[in-house]
Every structure is written in C-alpha cells, then in structure tokens.
Amino acid sequence: MQCKSCNTELPKNAKICPKCGEKVGKPAGNLKVISIIGFVIMLIASMLPFVQSNEAVLDGYVPKGFAFSFMNITVPVMWYLFILFIVAGILCVVAKKEIFSIICSVGATIVWAISFFGFTYDIVVGKITGGGLKKEYTTLMNVLNNGYGDNTYHIGCGTYIMIIGLIVAIVGVFFDVLKYFKKDLGVDAKYLSNSLNQSLGLKLYYYRGFYLMYLPVLIMILIFNYWPMLGCRYAFTRYVIGNPYYVGLYHFQIMLTNDTFFWRSFRNTLILSIIKLILNTGAAVIISLLLNEIVNMPFKKTVQTIVYLPHFMSWVVIFSVFRMLLSVNSSGVINGFLIGAGLIKDPINFLADVHYWRGTFYVMNLWKDTGWGTVLFLATLSGISPDLYEAAQIDGANRFKRLIYITLPALANTIITVFILNLAKVMNLFESVFVTKSPAVDSVASVLQTYVYDKTFAGGNSDYGYTTSVGLFKSFVGMILVLGCNYASKKVRGRGIV
Amino acid sequence: MSDDKIVVRKKKKKFKIFPLVNGLIFIIISLIVIIPIWKVLCDSLDARSAYGLNLHPVEFTLGGYQAIINRTSLYMPFVISVVTTIVGTFVGLLLVTLGGYVLIQWEMPGRNFFAYMLLFTMIFDGGMIPKYLVIKQLGLMNTLWAVILPMSINVYNLVLMRNFFEGIPESLFEAAQIDGCSPMGIFFKIVLPLSKAALASIGLMFSVSFWNDYTNFKLYISKNNLYNFQIRLRSMVADSDIPNDSSVSPETISSAATIVAVLPFVVIYPFCQKYFVQGVNVGAVKE
Amino acid sequence: MKKTIKKLTAVGLTLTSVMGLVACGASSSNSGSKEKKTVDWASVEKPGTFKVMADGTVVKDTNGADAFYSQLEELTGLDIEWVRPEHSAYYDQVASTFASGDLPDVVLLSSDYLALYANNGYLWDMTDAWAKSETKNSGRLITSADKIEAANVVLGADGEEAMYGFSPFRGNGCCTYVKTSWLEKAGLSEADVKDKTLTYSEYYDILKKMKAASSSDYVISAPGWIGTEAPYTNYLPEFYQDAEYTFYLKGDEYVDGFAQDEMKAALQRLQDAVKDGIIDPSTEGQTTAQARNKFYSTDPSTESGVFTYWAGTWADTLKTNLANKKLDDRLVAIYPIKELGSYTERLSTAWCITSAAEQSGKAEGIFKYFIDTMLDGGDVQMLWQYGAKGTHWDDKAETVTLQTAKAGDAVKSYTYEEGKFHFLPSPEDPTALMKKNHIDPVLAIATFKGEDPGASSLTDVVKDNFEMFSNHSDVAKPLPMTETLGNNITDINKARNEVISKVALGTWSVDEAMKYYHDTVDSKADAVIKSLNDLLK
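Residue numbers (the numbering used here), protein chains in the order written: chain A, 7 to 504; chain B, -5 to 281; chain C, 6 to 542.
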C-alpha cells in the first residue's frame, strides 16, 4: 500500500503515514453520540418505575402503593441481561459497528418486554422476625387491571422513557452530529512516531509494563470513584437499617415538593458559596494590585509569606482561633473590645446567632484564603511587560490610569478564570461549614452536604435512600455547573477546566 | 530599573505618599493575620482562664503543652495524625506518579480511555452516602485505611503530576529508550530524578490535606483511639471535651492544642513556600 | 469539547454498567412464618457459645473486665464472646452491626433503639420468658419494676406489642441542685428551699434574688435548651413544667405535645428567664461537660448557682468536684416545684436477645441462664452490681491506698477489717475508688436475698438524694415506634429545636415561632399522629 499524498510505501497496519503525517485508509466517521445517549437513557429508564401507583405523594407518609422496575423484579437476571445488551450496544457504537448496536438495542428491548409481561415483581408488605422484608408477588398486568390493595396503577415514566431511549438509540446511529463540531485536531508531530503503525498486539506487549504500573491507580479509581456511583441506585429505594427496597421516584417527589429543610440547604449552599466567592476574589484582586506596587522586595516577600500562612491551617484550627477571638463573655477579645468601646451592651454570640453567623463565616473565609488567592493574580501581574508601564509613564499616565488601561485588562482573563474555576465547585461547600456551624444556626448555615450528613447520622432510623437521593441531586447540579463552567472556560480562554 | 525612570519619578515630589500608605496597609493586613495566631500562642502559655485583651501571657505556664505530652488522650491523636500524614503522602505520591507517568504515554492503547475515566470522576461523583456504604462494605470502617486510601487517589493531583511530567523533554526518553532502558527503568532513572520539585510540591499538598483532614475521620472513624488531632481539637474547642486538670485551665490546653495543630506547617512553610506556589501555578496555567 | 464530554459520558457509563453487572444488589428474601411455641422452662438447657454486645456501663476492658468475665463464667457456666465497642461510638457500632446482618446474640439497647429494632423484627419476644422467670416471681422486685419493664413492651414486626428487652435497673432522672452559698448571698437560707414544694413564682423569686446578689451573668446554665432523649425537658424542668416536647397520649388519643398551649406557656417562661438573666444564653448548644464546668467554675463571672442534673450517684460526684475546686459548698436538692408535680425518670437501657439467637435456638437458654441470673439476689447480682471480687471490691482485712493525682497531694487511704465490704481502687484510674459495675446499686430493680452486702459503700448523700428523687418522680411514658414516626421524627425535632432556641434567645416571639412550626412540619406531625392513633384502634 502507498500513501496517497507522498507515495511512500506504508507498513502493514499503518493508520498514519510515517513520513508526512497524512491519515491513510478510509475515514471511519465520527462517534454516534446520539445513539450512546439513547442507550444511557434506556439504562436510566430501567431503574425508573415501569408501572406506578396512583397514590398521591403526601408529606410525612410512607407510600402504601408501589412502583415496579427492574430493581424489584423477582428474577434480577433479566436486569443483568438487559444491562449486558446496553453495554454491548455502547461498545458497538464506540467500535463503529452501528448495525450490531441496533441489534443490541432491539435485544435489550425484547428483554425488557419479556420482563414486563412475563415475570412477577416484589411487593414489600411488612417486616418479618429475623429482620427481613415480608414480600408478596404480583405481575404487572395484574396490578394494572385489578389494582393492589386500595390503589390503582398506571403505566409509569420508566416505560415511556424506555421507548424514547430505544428510538434515540436506533435513530441516533444514522446521524453524525459531531461532523458539525469537528475541528482540525492539529496533532503534534511528537505523537506521530513509528510505533503508531504497529499492530495492536505488538503495542499491548510493548506497553505491558505501563499497564502493570497503572493497575493500582485503576483499582483505586474503580473502588473509590466508580463503585460509589453504583450506589446511586439506592436513591430509588427505601433503605432503613439493612434492607433496601424499591420505591420508585418517591424520594425525589418528596424532596422537591415537600422538604423545606432541603430547599433551605440548597438556597444556603448557593448564597454562602457565591457571596464567599465574590468577596474572596474581590479582596484577592485588590490585595494583589496593591502588593504589586510594593518595590521593596524583602518587604514584599515577608508580606507574602505572612498572608499565605492561614491557607494551610485546617478549618478546625480556624474555628478554634475564631472561637477564642469571639468568645461570648466580656473578657473575649472582640466582645470585650466592642463592649469597652460602648458599641454593644451584651456580648454577641457570633458563631451561634443566626444574624451574625454568615458574616462571621465570610470573615473567616477572607482571613483564611484571601492571601493565597493572590498567588495566581501576582503571577499574571509579574508577566506584564514593564515596558508598557514605562511607555505609559512617559506619556504622562498616572498610577490610576495605568491601573485602568494596563493592569486591569491584563488581569481580567485571570479573574474570570479564577471565578469560573471556583464556580464549578459551588456545590462542594462542606467542610468549612461543617466545622464552624452549630445546630442553632442551621437555618442560615445548613448546606446540602451538611444536610445529608446530619440527616443520615442523626439517628438509627435514618433512611440512606433518601439522603442518597439528596446527594444525587447535589451531584447532578454540580455536574451541570462543571460542564457549564467548562464551556464558559473554553469560550474565555480556549481550554476547559476538566 | 532604568535611570530614566528614577529621573521621571524625582520630578514628582509627592510620589512617596502612595508607597508609604501602601506599606502601612500591608503592615495592618499582616497584623490582622498574625495577631489572632499570636493571641492563641499567648493564651496557650497563660495559666488563667479569662484572658482579656492582653498580648502577652500574664501567668506564664507550660502546663498546656505538658498536658498534651503527658496524656494519652491528647498525644495519641497526634501520633495518629503523623502516621496518616506520612503513610498517606507516600501512598498518594506513589499513585500519582505512577498514574501521571502512564498518562504521558500518548501512544499506549487505552491511554485516552484511562484519561477520560479520570476526568469523568471530576464531573460526577457518587456522593457521600454511597461512598460511606462502599467503605463499610469493604470492611474499612474504623481502620486508618478508610481515611488514607480514598484521599490518596486524588485526580486533581494526578493531572498536576502529569503536567509536570509533560515538561520533561521528549529527547531524554528517546535517548534512554535507545540505550535499552525499560519503562520502569526510565521512570526511576529519568522521570523521578528530574521531578524532584514536582514531587516536593505535590507531596506537600498531600501532606497538608492529610494533616488537616477532619471530614474523613468524622465519617469513617468512630473509635476514640483512632481519632486524629483535628477531631480531638474540634471536640476540645466545641464540646469542652478536655481532660480535667486543676493546674491549668481547659482553655489553656485547647489553645496549646491549636498551636500544636498548626506548628508543623508553620515551621516548614517558609522553606517550602515556592513549592506550594509552584503547584498552584502549574495547576491553573497549564493543563 | 462536545466530543470530549460525550466520550467521557460514554466511558463513565459503560464502566458504571459493567460494574453494575458485578455488584448489583443481592436481595435476599427470607420469609419465615412465625408460630408461637410453648416452652417448658424447667427443661431449657444452657446455650453454647454466644455473643454479647454491651456498652461502657459494663466494666471496660481497661477497667478489669477480664476478671468480671471469668468470674461470670465460673458462676453461671456460660461461654460468652464479648463485643465491646467504644462507649462514645456504641450506637454507631450497633447500627452498623444490625445493618450488616451479622448480629450478636445479646445486645444492650436504649429505649429508642429497642423500639426501632423490635419494629423491624430483629429482636426476640421475651414476654413469656419474663412472665415465667425466676426474677419476676422472686418477690424481691421493687414496686416500680413493672412500670420500668412496661417501657420494653413495644410493637414488633408483626404489629403486636410484646416485651423485647429486660432492664435490670431503673433509668434515673434529673433533679435540681441549689448551691447554699448562693442562697446565703441572696439573704436566704437552706430552709427556704429544702423539703418543701415551692410554686413557680416563689422559685423564680429566689432565682431573681440570687441573680441580683451574684456577679455572674446568669444563675442557671444548662446542657442545651432541650434534651435528646425522653424525657426531653429534664435539664430545665421548672420552666417546661407540664409541657410535653413530643407526641403523647392525651386522654384516649395521641396529640403533638409541642403544639399544645402548655408548650407555648413554657416557651414564654424560657424567653422571660433568659431576658431576666436567669438562664445563660450560651445554654444554646452547650454540652453536659461545659454546663458542669460552669457549675464548678472558680471564676465568679461564669459560675452558675443552680443546676438540674442526674440524681443519686451524681449528687455525690457534684459535691466532690466542688470540694476539689476548693469551693466549699453544700448542695440542696429541691423538691419538684408545684406546677411540675414530679421529676421524670428516663427510660432505662435494656438487654435484648436478637433474632440471630432465636434462629440458632439459643434464645431461651440465654434468657434463663444469662438474663434471668443478673438479679439472682446472690453472687451473680453481686458481680453485675459491684464487679469482680478481688479486682473491683473485696471483703478481706486490708488497707486501700489511692494513688495521688499529682505529686504533693494528700495520700488517701482506708483501712478495713475482715468481712467488711469495700471497693478497691479502679484499675483504670487508681486515684479513685470503683463506684459500681453495670447495675447502679441504688437503681437495681431487685433487692438481694437478705441484706445488700455492699450497702455500706453507699454514701448518705447518694442515698438521701435518691430517696428524695424516688419519692418525687415518675417514669417517662414510652412512645410507640411506627414507621411513619421513625421516618419523620428527625425533621420534626429539628423544627422543634429551632423554635425553642429562637424563642429562648428572643429572636422570635412565641406566636411567630409557633407559626413557623406549623408551616414547616404540620403535615408530617399529622401523619405521625394518624399512625399513632391507628395503633389504638
């Protein structure tokens, strides 16, 4: 075989011409992402209720009616089979064997249909001695036609989403959407060495040592990052003590419609982290601008060393330092000072009063992180050419004008970058609040993560399923934020954050 | 600074006002940072319980520190903190260097798959409760592995390490390859010796996070004798869970504990500052 | 970027689902039918080895537990494998043990956990065993024993009430201690409060006088506004009076005590008392240790003068600690004020036999030989009450010397003659004597056959105080555990605690707070009340 553009003789398995870097062989087409999305929709649908009771969701009541999906089928093998088809389908799409992926999606649907019509499902009607669940069994056709207990049943969202997923998975195969987004990848020449043209087996053999080296990382990632993702299925179960059982979307319905504590925590998460972000970034910008004006280098270094210091203290230390400063009696530092100055009469409990907690929290954050926040800004400022300033100075621009016309424009990109990087982490607010809050200030301080912690570990009868669904909501919003910020980051500075 | 510039400045008589004010501002800012820490230090050396506004110990005592050295319930957490920090930093660095090195093998089949797998964990996570259940199912509850392992696989640090490795000139690898060096050999003979700064920087980041860890201990450890110093400090400060000792006040002991908790990093920090700063800059500027 | 994201998604989800195949839930359904068999108690034999899980109220490993274990084995002939989690994390460990399904055979549980696990079918029904037991029919039970065991009668998984646990001792409760030095400073005397039932206004007047005469910011500093277990109001009983914190049976139906008028009045009293400087505002979120430290404080601006705390042994401990701080004070435990009527005794912890023991057929044997012997009125009861002979106590002629806490302290030593019961220094802390083992001698629900051999170890302070408490207290009423209750109680209590703290600190008026309470959790409270009332039908 010969290369089309330079006529060099090519090695046997070559994908890229070793001489000119031109791609050889026929273009494979792009990944059919829509089809993959379809498969993912089907996978999610397998956990959503196929059949759902008509019972209204009431605050405080454990549902009497039931929901049915693969998660409470009496023969779970059918679910595994279904997942096997989905995985095979996705792999087929990735391997560009689209015809087989259609076969897989049809296969998955057939498995699902058999499960829907052919098998019985569990109904949990109580508990038994010995700590198990008392179960009864029914078919979906039976509950749809005759109801069960006092409840009537209808086709649930899982069925509809399953059908939508199927259509998307099949139709998606015929649309190559990536074509419209495709850019020249501009492969670096260093990635085009001869080994690319070796066969896969040879490459695997060559890299065997590397696979061994990666094995510990892979195992750890699978255990501590991917295994917990599977635990998300508990969001659809009631999980008290030890026996999770399927309740469909009940937790999400309760959470979004009735749980005032959840909404309060969600609101607090956004308020606390966004105000904190604005204050910290603002203060860091101002301080780095001022710091940049210092000409005495030893003084500048000393100041930098000092202001960076609090960043390395744990939140527990920050908390204990501030608790000491703010101690609630007339001999406390701040309270003593305020009383002495005649500003207040009685000592204020800054860390346990709903009026003062947020302010105290922002101050603690400023104290801890403002100094460290200047690192990136200072790096940018030091990169501005001194010639620019000199030229401006000769033109008669004063300090303020130089700031407006030279420094700030140069800094703008970094400010936006820092802002975006931190915005993506908004939902992760946890330890700083967890350490510094007390139950007394829950109404202004409780954030989603602390809500999950408090609700799960407050008593022996907590429902892991419910708190998992709150966590899943948090992860979901967090994911949207990360992807949004990633997109924004690409627009602003040409590269993403993940 | 050129001579011209000085000449230009000298023409303006008031140019000294701004640096003066600016310097003053930074002296104040430095004081705001220093005074709370100084105050805790003074209180830790003061035998009384009601301190007031003084900035020096009134009744000098070393009783707070003696209590920490003498009492099992106070020095054991310190030992636990030291152990987890050392073991955790070692395990973390091991994983991060291995992973980072493999991720720069651009032609390795599956390299992109591994990279995407890591990146996906930065987008979506399972949440606190599923992770808790996994640790429980693994039987790691109430063992120090429960706090060491989950934190030692830090994707952010791994990507950082990869960025450092990418800076190593390609020609060095090629030369070593031609000399018949195995991948492991290259790793130990070339990559690691060239990445001392990176190892220091990331190692410091790991050790800070292990030393300061509170959440993982709170979640996975419920045995008193396995608590680390942060947990112990929090319960001393917030719940007054302090051994009763009539010679010094409980406040003195908890102030002393606060100082002990920050001491290791305050001592080494001025010498390592550049590594910390380097870590942040590499993380944000390069990808 | 799109491609990256989509690839990521694909990879992530593929992995997730692949692992799904490996790890997907293994749900086991054990459906056993439950038939009550009659047991011939006389012929029940000793069980083989069994596992017992207990908290730190049974002497700890560091405190000579081995001697206790071996003497118990000697006396009863039982082969016991002890599981002893850390005391502070005991219920975390219990919860994770039950969740993992690897149950011990016997477990010590608080009333809340007893109700929870009984309701979920993890405990063995000991109603019949108790009715036929030696302890019950021995005639040595104290009069309130029935009331105490009644708290262990809860709903089982089958929806019927049965006795799922056995409490060998009473729960104890809190009474109010007043420092005599504070009384004197306020121009009052011990006689003004001792042995008489004050009314709230009289009591409040006394508190006001004390406040006026002291340089402290407050008179009372309590461990939190409200307790975390029944009876919730026990740390500030004079202010809550007859208000009920949670659901209770009023007449023939359950109501939400927190929504009643009594609670509104109580909240108003609390708010006024904080405003008048009687109660310390930092009661908010205060731990028991912090509140105790304020009672012992040597700093006149943070000292508290009145403290509601546990009766019995604690009366002595409070006194000793004050003496150690050189605060030469006496404490007067006052009678419950008129509006309060009586102090409340909390529900006791109980020994429960789990379904694991039932499945292995050991339950009856364990009851007969392990639980029923605890209060045998002889050597085994001695062991449970005072610990192991020779390690924790002794009756030979000897001189017991305590180690000193610091060099230079006065050496305390006691000499005893042959046959005189006395405690030995605690193995864990040789500076103090042992006080008790699992069963507090004043709290045991059964007396010894004949004279209590250890009676001489009780100080008069403890005996007098406990007698006063016993005569003026009532056992807390247990609340049945329904699934709806378990599901909602955390949220409801959260709202309640928020209301109390905001009213107490004066942030909200009582009416504003109650409006918030009703808006937030009314639907949940209604669901709970309905589930409780359904039980009565």
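Idealized CB from N, CA, C, for every residue including glycine.
- Taking 8 Å as the CB threshold, Ser279 of chain A stays off the interface with chain C.
- The beta carbon of Thr462 of chain A is closer than 8 Å to those of Ser468, Tyr470 and Thr473 in its chain, skipping five residues each way along the sequence.
- By the neighbour-count criterion, in which 16 or more other beta carbons inside 10 Å mark a residue as buried, Gln408 of chain C falls on the exposed side.
- For Tyr209 of chain C, the enclosing alpha helix (DSSP H) covers residues Tyr205 to Ala218.
- Fewer than three beta-carbon pairs drawn from the stretch 323 to 330 of chain C and the stretch 88 to 106 of chain C are found closer than 8 Å, and the two stretches are therefore not classed as touching.
- Look at Arg42 of chain B here: in three-state DSSP terms it is coil, with no helix or strand label.
- In the structure shown, Trp87 of chain C falls within a strand segment according to DSSP collapsed to helix, strand and coil.
- At a Cβ-Cβ threshold of 8 Å, Phe211 of chain B and Asn222 of chain B count as neighbours.
- Note that the C-beta distance between Gly262 of chain C and Tyr250 of chain C is below 8 Å.
- Between Ile153 of chain C and Ser475 of chain A, the alpha-carbon positions lie close to 40 Å from each other.
- The continuous beta strand (DSSP E) containing Val311 of chain C extends over residues Val311 to Trp315.
- Taking a contact to require three or more Cβ pairs closer than 8 Å, the stretch 101 to 109 of chain A and the stretch 60 to 79 of chain A do not qualify as touching.
- DSSP places Thr404 of chain C in the uninterrupted beta strand (DSSP E) bounded by Glu403 to Thr406.
- For His523 of chain C, the enclosing alpha helix (DSSP H) begins and ends at Val515 to Leu541.
- Apart from sequence neighbours up to five positions away, the residues of its chain that approach Met268 of chain C with a beta-carbon distance below 6 Å are Ala248, ordered along the chain.
- With the criterion set as a beta carbon lying under 9 Å from some beta carbon of chain C, the members of the stretch 56 to 79 of chain A are Leu64, Asp65, Gly66, Tyr67, Val68, Met77 and Asn78, in sequence order.
- Cys238 of chain A sits in a helix when the DSSP states are folded into three classes.
- Within the DSSP secondary-structure output, Asn157 of chain A pairs in a beta bridge with A:Tyr154.
- In chain order, Ser234 and Pro244 make up the part of chain B whose C-beta sits under 8 Å from the C-beta of Asn298 of chain C.
- Listed along the chain, the chain C residues whose CB falls inside 7 Å of the CB of Val334 of chain A are Ser287.
- Put simply, the CB of Met135 of chain B is near chain C, with a gap under 8 Å to one of its CB atoms.
- Under DSSP, Ala451 of chain C forms a beta bridge with C:Leu146.
- From the listed residues B:Phe159, B:Ser24, B:Pro13 and B:Gly58, the smallest Cα separation to Thr308 of chain A is found for B:Ser24.
- Around the C-beta of Asn298 of chain C, 16 or more other C-beta atoms lie within 10 Å, and the residue is accordingly described as buried.
- Between the stretch 308 to 325 of chain C and the stretch 179 to 186 of chain C there are three or more inter-stretch CB-CB distances shorter than 8 Å, so the stretches are counted as touching.
- About 11 Å separates the CB atoms of Gly113 of chain A and Ala175 of chain A; that is not less than 8 Å, and the two are not in contact.
- Distances from the CA of Leu37 of chain A to each of A:Met77, A:Lys374, A:Phe91 and A:Leu97 were compared; the closest alpha carbon is that of A:Leu97.
- About 16 Å separates the beta carbons of Met319 of chain A and Asp37 of chain B, which is beyond the 8 Å limit, so they are not a contact pair.
- Counting C-beta atoms within 10 angstroms of its own C-beta, Asp45 of chain C has fewer than 16 neighbours from the protein chains shown and is therefore classed as exposed.
- The continuous alpha helix (DSSP H) containing Ser203 of chain B extends over residues Lys190 to Trp205.
- DSSP places Ser216 of chain B in the coil class of the three-state scheme, outside both helix and strand.
- Under the DSSP assignment, Gly44 of chain A falls in the alpha helix (DSSP H) whose first and last residues are Val39 to Ala51.
- Counting only runs that start and end inside the stretch 295 to 363 of chain C, the beta strand (DSSP E) elements of at least 3 residues fall at 311 to 315, 336 to 339, 348 to 350 and 355 to 358.
- Under DSSP, Lys184 of chain C shares a beta bridge with C:Leu336.
- The Cβ of Arg405 of chain A sits closer than 8 Å to at least one Cβ of chain B.
- Where Val96 of chain B is concerned, the enclosing alpha helix (DSSP H) starts and stops at Thr66 to Leu97.
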